[in-house]
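Novice: Quick note on the working numbering: the sequence shown kicks off at -6 and runs consecutively.
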Amino acid sequence: MFIVKVPGINSSDGKTVGCGRAGHAILNALKDIHSNEQGKPIDVGLLDLEEIHLNNNDLKLTNKLIYENCLKIFGTKPKTIFLGGDHSISYSISRAFLDICRQSRKEPCLIIFDAYVDCRKSAEEFPTNKEWIRTLVGNGFPAENILIVGARNIRKDELTFLKEHNIKVINMNQILEDIDETCDIIMEFSDGKDLFVSIDISVVDPAFAPSTAYAEPGGLTSRQFLYMIQRINRVKNLKGVDLAEINEKKDSNLSTVRLGAKILAELI
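1) Residues in the same chain with beta-carbon distance under 6 Å from S204, minus the five sequence neighbours each way, listed in chain order, please.
2) According to the Cβ coordinates, are E259 and Q223 closer than 8 Å?
3) Going by the DSSP bridge assignment, what does E43 pair with across the sheet?
4) Helix, strand or coil for I147, going by three-state DSSP, please let me know.
5) In terms of alpha-carbon separation, which member of S115, K186, M180 and M165 lies closest to E151?
6) Tell me the residue span of the alpha helix (DSSP H) that contains A18.
7) Measure the alpha-carbon distance for M165 versus C94 and round it to whole angstroms.
8) Out of curiosity, what's the CA-to-CA distance linking R113 and R127?
9) Put S87 into one of helix, strand or coil per three-state DSSP.
10) Is it buried or exposed, S28, if we count other Cβ atoms within 10 angstroms and call 16 or more buried?
11) Does the Cβ-Cβ distance between S195 and T121 come in under 8 Å?
12) Does the Cβ-Cβ distance between F262 and D235 come in under 8 Å?
13) Following the continuous beta strand (DSSP E) through V173, name the residue where it begins and the one where it ends.
14) Using only CA atoms, which one of T175, Q217, F218 and M180 lies nearest to N230?
15) What number of angstroms, rounded off, separates the C-alpha of A202 from the C-alpha of S215?
16) Can you pull the DSSP bridge partners for L76?
17) Where does K161 fall in DSSP's three states?
18) The alpha helix (DSSP H) spanning L257 covers which residue range?
19) Taking the alpha-carbon of G212 as reference, which of A254, R145, D41 and V190 has the nearest alpha-carbon?
20) With burial defined as no fewer than 16 other Cβ atoms inside 10 Å of the residue's Cβ, what is the status of N138: buried or exposed?
21) Going by the CB atoms, is the gap between G78 and P0 shorter than 8 Å?
22) Please go through the same chain and pick out, in chain order, the residues whose beta-carbon is closer than 7 Å to the beta-carbon of L52, but skip the five residues on each side of it.
23) Is DSSP giving F106 helix, strand or coil here?
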């Protein structure tokens, strides 16, 4: 298992600055997890770790470094976990994933766990954490192979974009009606494709993950989300996962960081 810290930050309102050191905080919290729920021992000292060193004042260079490093990683590593950063990192990571799939003649699949759909219009060359999915689709990622899970606050213009591009959304009520069926749908959706999973911690209810820039009530419990991650981690064609939007600076009791560490442990 390869783990990469990607401390990228690009938000229009500055609320995600505290996400820059989340990767470090998550790995530090992982030291207190002796084994995951599948019984696999966890030893942080034995993990294969790397960091993409970024200057968030230079977005062009930041996105270039993320893309080029991830292109190499996807081409050489069987599965990688990327620790953000805010959700803007997913744009260049997903671009690299798409290009590797094209090179290997594989069909890409992107599953996103998020309270929001991040499909706002972008006036900039490099999308923020609220715009990255729309920009990714505009740059060639097949929209019909994107599935967003847990969204519960979608703007009118974003609803139009999702409908026009046939991007599927599984809402909270659908998950709660039958979480096992939802997991089956996700696994069926990714069947026969190479899979990348992008996690915004806001998919979890703020009662369980309060330290994020855009907390949205009515989300998954931490138990429900861990179960879904355990199911998805069984997918053989899972090539990578990113975990974003944990604001370490706001996390006074480290409850959100510790949840991030639990998620990471279940993916190892």
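Think of the CB as a built atom: it goes at the ideal place given N, C-alpha and C, for glycine as much as any other residue. Predicted model, so just to flag it, every value in this text is computed and none were measured.
Specialist: A quick look at the data gives this:
1) In the same chain as S204, and ignoring 5 residues on each side of it, the C-beta atoms closer than 6 Å to its own belong to N240, K243, D244 and T249, in chain order.
2) Closer than 8 Å, so yes.
3) As a beta-bridge residue in DSSP terms, E43 pairs with V(-3).
4) Coil.
5) Comparing Cα-Cα distances from E151 to each of S115, K186, M180 and M165, the minimum goes to S115.
6) Its alpha helix (DSSP H) spans residues A15 to L23.
7) Distance between the alpha carbons of M165 and C94 is about 30 Å.
8) So the two alpha carbons sit approximately 7 Å from each other.
9) Residue state, collapsed to three classes: helix.
10) It counts as exposed.
11) Contact: no.
12) Within the shown structure, residues of the chain are numbered from -6 to 261, placing residue 262 beyond reach of any answer.
13) Going by the sequence as given, residue 173 is Asp instead of Val. For D173, no beta strand (DSSP E) encloses it; the enclosing alpha helix (DSSP H) starts and ends at I172 to S183.
14) Looking only at T175, Q217, F218 and M180, the smallest Cα-Cα distance to N230 is reached by M180.
15) Rounded to the nearest whole angstrom, the C-alpha separation of A202 and S215 is 8 Å.
16) Note: L76 sits in a beta bridge opposite K(-2) and L236.
17) When DSSP states are grouped into helix, strand and coil, K161 belongs to the strand group.
18) S248 to L260 is the span of the alpha helix (DSSP H), which, as asked, contains L257.
19) Nearest C-alpha to G212: R145.
20) By the 10 Å Cβ count, N138 comes out buried.
21) Taking a C-beta distance under 8 Å as the contact criterion, P0 and G78 qualify as a contact pair.
22) Within the same chain, Cβ atoms closer than 7 Å to the Cβ of L52 are found at N3 and F119, the five residues on either side in sequence being excluded.
23) Strand.
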